[in-house]
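In this note's numbering, the protein residues as written are 22 to 431. Each residue gets a CB set at the ideal place from its N, CA and C atoms; glycine is no exception. If you're wondering where the values come from, they're calculated on a predicted model, not measured in any experiment.
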(Lines of atoms letter the chains of each structure in order from A and count residues from 1; the text may use other names and numbers.)
(Lines give C-alpha, C1' and ligand atoms only; values in the text may rest on other atoms or scores of the structure.)
Protein backbone atom coordinates (compact mmCIF):
# COMPACT_ATOMS: atom_id res chain seq x y z
CA UNK A 1 0.00 0.00 0.00
CA UNK A 2 2.86 2.38 0.75
CA UNK A 3 4.50 1.76 -2.60
CA UNK A 4 1.19 2.31 -4.37
CA UNK A 5 0.71 5.67 -2.66
CA UNK A 6 4.24 6.84 -3.33
CA UNK A 7 4.12 5.93 -7.03
CA UNK A 8 1.09 8.14 -7.79
CA UNK A 9 2.65 11.63 -7.68
CA UNK A 10 2.75 14.76 -9.82
CA UNK A 11 4.44 18.13 -9.73
CA UNK A 12 1.17 19.86 -8.85
CA UNK A 13 0.43 17.62 -5.81
CA UNK A 14 3.75 17.40 -3.96
CA UNK A 15 2.27 18.73 -0.73
CA UNK A 16 -0.59 16.20 -0.90
CA UNK A 17 1.88 13.34 -1.45
CA UNK A 18 3.99 14.50 1.48
CA UNK A 19 0.92 14.58 3.71
CA UNK A 20 -0.14 11.07 2.58
CA UNK A 21 3.35 9.72 3.29
CA UNK A 22 3.24 11.21 6.77
CA UNK A 23 -0.11 9.55 7.47
CA UNK A 24 1.14 6.17 6.22
CA UNK A 25 4.34 6.50 8.24
CA UNK A 26 2.37 7.31 11.39
CA UNK A 27 0.03 4.40 10.71
CA UNK A 28 2.93 1.97 10.30
CA UNK A 29 4.55 3.31 13.48
CA UNK A 30 1.34 2.73 15.41
CA UNK A 31 1.02 -0.82 14.02
CA UNK A 32 4.59 -1.71 15.02
CA UNK A 33 4.05 -0.23 18.46
CA UNK A 34 0.85 -2.24 18.96
CA UNK A 35 2.45 -5.52 17.97
CA UNK A 36 5.22 -4.98 20.51
CA UNK A 37 2.84 -4.53 23.45
CA UNK A 38 2.61 -7.64 25.71
CA UNK A 39 -1.02 -8.81 25.93
CA UNK A 40 -2.23 -9.43 29.46
CA UNK A 41 -5.09 -11.64 30.66
CA UNK A 42 -7.48 -8.66 30.68
CA UNK A 43 -6.70 -7.89 27.06
CA UNK A 44 -10.34 -7.58 26.03
CA UNK A 45 -11.22 -5.32 28.94
CA UNK A 46 -8.45 -2.89 28.07
CA UNK A 47 -8.96 -3.11 24.30
CA UNK A 48 -10.49 0.31 23.87
CA UNK A 49 -7.45 1.91 25.51
CA UNK A 50 -5.01 -0.11 23.39
CA UNK A 51 -7.02 0.22 20.19
CA UNK A 52 -5.53 3.61 19.47
CA UNK A 53 -2.28 1.90 18.52
CA UNK A 54 -3.71 -0.04 15.57
CA UNK A 55 -2.91 0.77 11.98
CA UNK A 56 -2.25 -0.91 8.64
CA UNK A 57 -3.71 -4.22 7.44
CA UNK A 58 -5.07 -6.91 9.71
CA UNK A 59 -6.77 -10.25 9.17
CA UNK A 60 -10.37 -10.51 10.36
CA UNK A 61 -12.73 -13.47 10.55
CA UNK A 62 -14.74 -13.29 7.36
CA UNK A 63 -12.06 -11.46 5.37
CA UNK A 64 -9.61 -8.54 5.46
CA UNK A 65 -10.55 -5.22 6.97
CA UNK A 66 -10.13 -2.39 4.44
CA UNK A 67 -7.05 -0.36 5.46
CA UNK A 68 -8.76 3.03 5.23
CA UNK A 69 -11.49 2.25 7.78
CA UNK A 70 -9.56 -0.20 9.97
CA UNK A 71 -8.69 2.27 12.70
CA UNK A 72 -12.29 3.50 12.86
CA UNK A 73 -13.55 -0.10 12.99
CA UNK A 74 -11.20 -0.82 15.86
CA UNK A 75 -12.34 2.21 17.85
CA UNK A 76 -15.96 1.07 17.50
CA UNK A 77 -15.27 -2.58 18.38
CA UNK A 78 -16.60 -4.27 21.49
CA UNK A 79 -15.82 -7.54 23.25
CA UNK A 80 -18.32 -10.34 22.75
CA UNK A 81 -18.52 -13.58 24.72
CA UNK A 82 -20.51 -16.52 23.38
CA UNK A 83 -21.05 -19.61 25.51
CA UNK A 84 -22.43 -23.01 24.62
CA UNK A 85 -22.89 -26.47 26.06
CA UNK A 86 -21.60 -29.87 24.97
CA UNK A 87 -23.03 -32.84 26.87
CA UNK A 88 -23.48 -36.60 26.49
CA UNK A 89 -24.46 -39.36 28.90
CA UNK A 90 -22.54 -42.55 28.04
CA UNK A 91 -18.97 -43.76 28.65
CA UNK A 92 -16.79 -42.96 25.64
CA UNK A 93 -19.41 -40.64 24.11
CA UNK A 94 -18.83 -37.77 21.68
CA UNK A 95 -20.90 -34.59 21.34
CA UNK A 96 -20.81 -31.30 19.44
CA UNK A 97 -22.37 -27.87 19.14
CA UNK A 98 -22.21 -24.83 16.85
CA UNK A 99 -21.82 -21.30 18.16
CA UNK A 100 -22.96 -18.24 16.19
CA UNK A 101 -20.06 -15.89 16.83
CA UNK A 102 -21.02 -12.93 14.62
CA UNK A 103 -23.23 -11.90 11.71
CA UNK A 104 -20.98 -11.46 8.64
CA UNK A 105 -23.64 -9.38 6.85
CA UNK A 106 -23.30 -6.54 9.35
CA UNK A 107 -20.23 -7.34 11.48
CA UNK A 108 -16.64 -8.39 11.36
CA UNK A 109 -14.76 -10.24 14.11
CA UNK A 110 -11.14 -10.38 15.15
CA UNK A 111 -8.96 -11.80 17.93
CA UNK A 112 -11.37 -14.71 18.43
CA UNK A 113 -10.25 -17.17 21.09
CA UNK A 114 -11.72 -20.45 22.31
CA UNK A 115 -11.72 -21.72 25.88
CA UNK A 116 -13.13 -25.11 26.89
CA UNK A 117 -14.21 -25.81 30.47
CA UNK A 118 -15.42 -29.19 31.74
CA UNK A 119 -17.40 -30.19 34.82
CA UNK A 120 -15.64 -32.92 36.85
CA UNK A 121 -17.21 -36.35 36.50
CA UNK A 122 -14.99 -39.45 36.49
CA UNK A 123 -11.66 -37.78 35.70
CA UNK A 124 -9.85 -38.49 38.98
CA UNK A 125 -7.15 -40.82 37.67
CA UNK A 126 -4.76 -40.32 34.73
CA UNK A 127 -3.35 -43.84 34.96
CA UNK A 128 -6.55 -45.60 33.88
CA UNK A 129 -7.06 -43.27 30.89
CA UNK A 130 -9.89 -41.17 32.38
CA UNK A 131 -9.65 -38.13 30.13
CA UNK A 132 -11.19 -35.86 27.51
CA UNK A 133 -9.90 -37.61 24.38
CA UNK A 134 -10.04 -34.60 22.07
CA UNK A 135 -11.46 -31.15 21.43
CA UNK A 136 -12.06 -30.02 17.84
CA UNK A 137 -12.98 -26.60 16.47
CA UNK A 138 -14.00 -26.03 12.88
CA UNK A 139 -13.07 -29.66 12.19
CA UNK A 140 -9.47 -29.14 13.36
CA UNK A 141 -7.95 -30.80 16.42
CA UNK A 142 -7.12 -28.08 18.95
CA UNK A 143 -6.57 -30.22 22.07
CA UNK A 144 -5.94 -33.92 22.68
CA UNK A 145 -5.85 -36.04 25.83
CA UNK A 146 -6.80 -33.63 28.60
CA UNK A 147 -6.21 -35.36 31.98
CA UNK A 148 -8.05 -33.31 34.63
CA UNK A 149 -7.24 -35.72 37.54
CA UNK A 150 -10.32 -34.55 39.46
CA UNK A 151 -13.56 -36.29 40.40
CA UNK A 152 -17.17 -35.17 40.48
CA UNK A 153 -17.89 -37.73 43.21
CA UNK A 154 -16.72 -35.01 45.58
CA UNK A 155 -19.77 -32.78 46.03
CA UNK A 156 -17.64 -29.67 46.54
CA UNK A 157 -15.90 -30.04 43.16
CA UNK A 158 -18.83 -31.18 41.03
CA UNK A 159 -20.30 -27.69 40.51
CA UNK A 160 -16.94 -26.18 39.53
CA UNK A 161 -15.19 -26.54 36.19
CA UNK A 162 -11.64 -27.18 35.07
CA UNK A 163 -10.00 -25.86 31.93
CA UNK A 164 -8.90 -28.16 29.12
CA UNK A 165 -8.24 -25.28 26.70
CA UNK A 166 -7.74 -21.56 27.19
CA UNK A 167 -7.58 -18.67 24.71
CA UNK A 168 -6.87 -20.79 21.62
CA UNK A 169 -6.92 -18.55 18.45
CA UNK A 170 -9.79 -19.56 16.14
CA UNK A 171 -10.07 -16.67 13.64
CA UNK A 172 -9.24 -18.98 10.74
CA UNK A 173 -11.57 -21.75 12.00
CA UNK A 174 -14.81 -19.70 11.96
CA UNK A 175 -16.77 -20.35 8.75
CA UNK A 176 -18.13 -17.81 6.28
CA UNK A 177 -21.45 -17.67 8.14
CA UNK A 178 -19.76 -16.59 11.37
CA UNK A 179 -20.27 -20.01 12.99
CA UNK A 180 -17.76 -22.15 14.89
CA UNK A 181 -18.44 -25.87 15.21
CA UNK A 182 -16.98 -27.49 18.35
CA UNK A 183 -16.87 -31.17 19.34
CA UNK A 184 -15.37 -33.24 22.15
CA UNK A 185 -15.22 -36.84 23.37
CA UNK A 186 -14.37 -38.72 26.57
CA UNK A 187 -12.70 -42.10 27.05
CA UNK A 188 -14.77 -45.22 27.71
CA UNK A 189 -13.43 -45.54 31.28
CA UNK A 190 -15.16 -42.29 32.28
CA UNK A 191 -18.14 -44.15 33.66
CA UNK A 192 -19.28 -42.70 37.00
CA UNK A 193 -20.16 -39.54 38.92
CA UNK A 194 -22.13 -37.77 36.12
CA UNK A 195 -22.87 -34.06 36.34
CA UNK A 196 -26.61 -33.45 35.93
CA UNK A 197 -26.87 -36.86 34.27
CA UNK A 198 -23.99 -36.34 31.81
CA UNK A 199 -20.56 -37.98 31.93
CA UNK A 200 -19.36 -35.27 29.53
CA UNK A 201 -20.59 -31.85 30.60
CA UNK A 202 -18.62 -28.97 29.12
CA UNK A 203 -18.88 -25.23 28.46
CA UNK A 204 -17.15 -23.94 25.30
CA UNK A 205 -16.56 -20.17 25.31
CA UNK A 206 -15.62 -17.96 22.35
CA UNK A 207 -14.48 -14.38 22.92
CA UNK A 208 -14.02 -11.96 20.02
CA UNK A 209 -13.75 -8.30 19.18
CA UNK A 210 -16.79 -7.32 17.09
CA UNK A 211 -17.04 -4.15 15.00
CA UNK A 212 -19.42 -2.79 12.35
CA UNK A 213 -18.78 -3.99 8.82
CA UNK A 214 -18.77 -0.40 7.42
CA UNK A 215 -17.81 2.02 10.19
CA UNK A 216 -17.37 5.73 9.53
CA UNK A 217 -13.85 6.86 8.75
CA UNK A 218 -12.21 8.24 11.86
CA UNK A 219 -8.68 9.39 12.52
CA UNK A 220 -7.31 7.56 15.56
CA UNK A 221 -5.84 9.66 18.35
CA UNK A 222 -2.09 9.60 18.86
CA UNK A 223 -0.56 6.55 20.45
CA UNK A 224 0.18 7.07 24.17
CA UNK A 225 3.78 6.99 25.32
CA UNK A 226 5.11 3.75 26.73
CA UNK A 227 5.46 3.54 30.48
CA UNK A 228 8.94 3.30 31.81
CA UNK A 229 9.80 -0.02 33.38
CA UNK A 230 12.05 -0.44 36.35
CA UNK A 231 13.98 -3.59 37.00
CA UNK A 232 13.99 -5.06 40.48
CA UNK A 233 17.38 -5.41 42.15
CA UNK A 234 18.98 -8.80 42.12
CA UNK A 235 18.46 -10.69 45.37
CA UNK A 236 21.41 -10.90 47.71
CA UNK A 237 22.58 -14.42 48.51
CA UNK A 238 24.38 -15.31 51.73
CA UNK A 239 28.02 -16.22 51.49
CA UNK A 240 28.57 -19.91 52.15
CA UNK A 241 31.87 -20.65 53.83
CA UNK A 242 33.63 -23.97 53.19
CA UNK A 243 33.33 -26.59 55.91
CA UNK A 244 36.23 -28.81 56.85
CA UNK A 245 35.58 -32.52 56.28
CA UNK A 246 34.91 -34.70 59.28
CA UNK A 247 37.42 -37.49 59.75
CA UNK A 248 35.51 -40.72 60.59
CA UNK A 249 36.36 -42.94 63.48
CA UNK A 250 38.15 -46.18 62.90
CA UNK A 251 35.99 -48.69 61.01
CA UNK A 252 34.33 -51.14 63.33
CA UNK A 253 32.75 -54.49 62.40
CA UNK A 254 29.02 -54.19 61.70
CA UNK A 255 26.77 -56.31 63.88
CA UNK A 256 23.40 -55.21 62.44
CA UNK A 257 22.43 -53.74 59.09
CA UNK A 258 19.17 -51.97 58.16
CA UNK A 259 18.30 -51.76 54.45
CA UNK A 260 15.24 -50.42 52.66
CA UNK A 261 13.92 -49.96 49.12
CA UNK A 262 10.85 -48.51 47.39
CA UNK A 263 8.34 -50.63 45.48
CA UNK A 264 6.34 -48.33 43.19
CA UNK A 265 4.62 -48.34 39.80
CA UNK A 266 2.07 -45.92 38.29
CA UNK A 267 -0.41 -47.94 36.18
CA UNK A 268 -3.33 -50.21 37.01
CA UNK A 269 -2.31 -53.88 37.02
CA UNK A 270 1.37 -52.93 37.27
CA UNK A 271 4.23 -54.82 38.94
CA UNK A 272 6.92 -53.18 41.08
CA UNK A 273 10.22 -54.93 41.79
CA UNK A 274 13.50 -54.41 43.60
CA UNK A 275 16.25 -56.39 45.31
CA UNK A 276 18.65 -56.40 48.23
CA UNK A 277 22.22 -57.56 47.70
CA UNK A 278 24.72 -58.67 50.36
CA UNK A 279 28.38 -59.30 49.63
CA UNK A 280 29.87 -62.79 49.81
CA UNK A 281 31.76 -61.89 53.00
CA UNK A 282 28.53 -60.64 54.60
CA UNK A 283 26.72 -63.86 53.70
CA UNK A 284 29.44 -65.89 55.42
CA UNK A 285 28.91 -63.90 58.64
CA UNK A 286 25.12 -63.68 58.34
CA UNK A 287 23.15 -64.80 61.38
CA UNK A 288 19.61 -63.69 60.54
CA UNK A 289 17.62 -61.37 58.23
CA UNK A 290 13.97 -60.36 58.68
CA UNK A 291 11.82 -58.61 56.07
CA UNK A 292 8.83 -56.27 56.31
CA UNK A 293 6.74 -54.85 53.46
CA UNK A 294 4.21 -52.00 53.71
CA UNK A 295 2.03 -50.37 51.04
CA UNK A 296 0.24 -47.05 50.98
CA UNK A 297 -3.51 -47.34 50.64
CA UNK A 298 -4.71 -46.24 47.20
CA UNK A 299 -7.75 -47.83 45.56
CA UNK A 300 -8.10 -50.97 47.68
CA UNK A 301 -11.63 -50.50 49.08
CA UNK A 302 -13.25 -53.06 46.77
CA UNK A 303 -16.46 -51.04 46.39
CA UNK A 304 -19.17 -52.51 44.17
CA UNK A 305 -17.52 -55.94 44.38
CA UNK A 306 -14.50 -55.00 42.23
CA UNK A 307 -11.25 -56.94 42.71
CA UNK A 308 -9.00 -54.21 44.13
CA UNK A 309 -6.16 -56.20 45.67
CA UNK A 310 -2.45 -56.90 45.99
CA UNK A 311 -2.36 -59.78 43.52
CA UNK A 312 0.90 -61.21 44.87
CA UNK A 313 4.14 -60.59 46.72
CA UNK A 314 7.01 -62.79 45.57
CA UNK A 315 10.38 -63.32 47.24
CA UNK A 316 13.02 -64.80 44.92
CA UNK A 317 10.17 -65.92 42.60
CA UNK A 318 8.28 -67.71 45.39
CA UNK A 319 4.87 -66.39 46.50
CA UNK A 320 4.90 -64.96 50.01
CA UNK A 321 1.38 -63.43 49.86
CA UNK A 322 -1.46 -63.65 47.34
CA UNK A 323 -4.84 -61.95 46.79
CA UNK A 324 -4.53 -59.57 49.73
CA UNK A 325 -7.17 -56.85 50.22
CA UNK A 326 -5.76 -53.79 52.05
CA UNK A 327 -9.36 -52.55 52.23
CA UNK A 328 -9.26 -48.76 52.01
CA UNK A 329 -9.47 -45.80 49.62
CA UNK A 330 -8.28 -42.60 51.41
CA UNK A 331 -9.65 -40.36 48.67
CA UNK A 332 -13.22 -41.50 49.25
CA UNK A 333 -12.83 -40.91 52.98
CA UNK A 334 -11.63 -37.36 52.28
CA UNK A 335 -14.46 -36.74 49.80
CA UNK A 336 -16.94 -37.55 52.55
CA UNK A 337 -15.44 -34.72 54.60
CA UNK A 338 -13.65 -36.92 57.13
CA UNK A 339 -10.00 -37.08 58.17
CA UNK A 340 -8.14 -40.22 57.10
CA UNK A 341 -7.16 -42.22 60.20
CA UNK A 342 -3.67 -43.79 60.35
CA UNK A 343 -4.98 -47.33 59.84
CA UNK A 344 -6.44 -46.23 56.50
CA UNK A 345 -3.21 -44.70 55.23
CA UNK A 346 -0.81 -47.68 55.16
CA UNK A 347 -1.16 -51.45 55.17
CA UNK A 348 1.34 -54.04 56.43
CA UNK A 349 1.70 -56.70 53.77
CA UNK A 350 4.51 -58.63 55.45
CA UNK A 351 6.06 -58.32 58.92
CA UNK A 352 9.26 -59.78 60.42
CA UNK A 353 9.49 -62.63 57.93
CA UNK A 354 12.70 -64.64 58.29
CA UNK A 355 14.45 -64.54 54.91
CA UNK A 356 17.88 -65.75 56.05
CA UNK A 357 17.75 -69.00 54.05
CA UNK A 358 16.41 -67.19 50.97
CA UNK A 359 19.42 -64.87 50.97
CA UNK A 360 21.97 -67.63 51.57
CA UNK A 361 20.51 -69.85 48.84
CA UNK A 362 20.63 -66.96 46.34
CA UNK A 363 24.23 -65.95 47.17
CA UNK A 364 23.24 -62.76 48.97
CA UNK A 365 20.34 -61.69 46.70
CA UNK A 366 16.77 -61.09 47.84
CA UNK A 367 14.47 -60.17 44.94
CA UNK A 368 10.97 -58.75 45.58
CA UNK A 369 7.99 -58.40 43.24
CA UNK A 370 4.60 -56.88 44.07
CA UNK A 371 1.64 -56.71 41.67
CA UNK A 372 -1.78 -55.00 41.90
CA UNK A 373 -4.96 -56.00 40.08
CA UNK A 374 -6.33 -54.13 37.05
CA UNK A 375 -9.20 -52.61 39.03
CA UNK A 376 -6.87 -50.54 41.22
CA UNK A 377 -7.26 -47.40 39.13
CA UNK A 378 -7.65 -44.26 41.27
CA UNK A 379 -6.43 -42.35 44.34
CA UNK A 380 -2.73 -42.69 43.46
CA UNK A 381 -0.23 -41.91 46.22
CA UNK A 382 2.32 -39.35 45.00
CA UNK A 383 1.54 -40.43 41.43
CA UNK A 384 1.76 -44.20 42.04
CA UNK A 385 -1.18 -46.62 42.20
CA UNK A 386 1.17 -49.09 43.86
CA UNK A 387 3.36 -47.30 46.38
CA UNK A 388 5.15 -49.34 49.01
CA UNK A 389 8.45 -50.00 50.70
CA UNK A 390 10.44 -52.96 51.98
CA UNK A 391 12.70 -52.91 55.04
CA UNK A 392 15.22 -55.62 55.90
CA UNK A 393 17.22 -55.97 59.11
CA UNK A 394 20.19 -58.35 59.22
CA UNK A 395 22.50 -59.38 62.06
CA UNK A 396 26.02 -60.69 61.65
CA UNK A 397 28.51 -62.65 63.71
CA UNK A 398 31.67 -60.73 64.49
CA UNK A 399 34.73 -62.11 62.70
CA UNK A 400 37.24 -63.97 64.82
CA UNK A 401 40.30 -61.86 65.68
CA UNK A 402 43.39 -62.79 63.74
CA UNK A 403 46.07 -64.56 65.79
CA UNK A 404 49.63 -63.33 65.64
CA UNK A 405 52.05 -65.59 63.80
CA UNK A 406 54.51 -65.76 66.75
CA UNK A 407 55.82 -64.07 69.81
CA UNK A 408 59.04 -62.12 69.99
CA UNK A 409 61.40 -63.88 72.38
CA UNK A 410 64.08 -62.40 74.55
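Is the beta carbon of residue i less than 7 Å from the beta carbon of residue j?
| i | j | result |
| --- | --- | --- |
| residue 396 | residue 327 | yes |
| residue 418 | residue 306 | yes |
| residue 284 | residue 293 | yes |
| residue 133 | residue 191 | yes |
| residue 400 | residue 350 | yes |
| residue 377 | residue 309 | yes |
| residue 153 | residue 185 | yes |
| residue 390 | residue 335 | yes |
| residue 112 | residue 211 | yes |
| residue 398 | residue 387 | no |
| residue 122 | residue 229 | yes |
| residue 161 | residue 135 | no |
| residue 234 | residue 129 | yes |
| residue 330 | residue 394 | yes |
| residue 374 | residue 280 | no |
| residue 155 | residue 171 | no |
| residue 99 | residue 231 | yes |
| residue 406 | residue 289 | yes |
| residue 201 | residue 207 | no |
| residue 409 | residue 304 | no |
Under DSSP, the beta strand (DSSP E) around residue i begins and ends at which residues?
| i | result |
| --- | --- |
| residue 233 | 221 to 233 |
| residue 19 | For the chain, the structure presents residues 22 to 431; residue 19 sits outside this window and is missing. |
| residue 109 | 107 to 109 |
| residue 283 | 277 to 286 |
| residue 165 | 161 to 167 |
| residue 190 | 183 to 190 |
| residue 117 | 115 to 121 |
| residue 129 | 128 to 139 |
| residue 297 | 292 to 298 |
Buried or exposed: residue i, going by 16 or more other Cβ atoms within 10 Å of its Cβ?
| i | result |
| --- | --- |
| residue 366 | exposed |
| residue 219 | buried |
| residue 264 | exposed |
| residue 317 | buried |
| residue 415 | buried |
| residue 131 | buried |
| residue 215 | buried |
| residue 359 | exposed |
| residue 205 | buried |
| residue 165 | exposed |
| residue 363 | exposed |
| residue 319 | buried |
| residue 411 | buried |
| residue 322 | buried |
| residue 225 | buried |
| residue 404 | exposed |
| residue 197 | exposed |
| residue 266 | exposed |
| residue 341 | buried |
| residue 151 | buried |
Can you tell me where the alpha helix (DSSP H) holding residue i begins and where it ends?
| i | result |
| --- | --- |
| residue 302 | 301 to 306 |
| residue 207 | Where residue 207 is concerned, there is no enclosing alpha helix (DSSP H), although the beta strand (DSSP E) it sits in stretches over 200 to 207. |
| residue 382 | 377 to 382 |
| residue 154 | Residue 154 -> not in any alpha helix (DSSP H); beta strand (DSSP E) instead, spanning 153 to 158. |
Problem set entry | Touch test, the segment 118 to 127 against the segment 100 to 110, Cβ-Cβ under 8 Å, three pairs minimum | yes
Legend entry - At least 3 beta-carbon pairs within less than 8 Å: the segment 298 to 305 vs the segment 337 to 354: no
field: Contact the segment 125 to 144 vs the segment 215 to 235: 3+ CB pairs below 8 Å
entry: yes
TODO: Kindly provide the ranges of any alpha helix (DSSP H) runs that are 4 or more residues long and lie completely inside the segment 332 to 410, ordered along the chain.
DONE: 351 to 356 and 377 to 382
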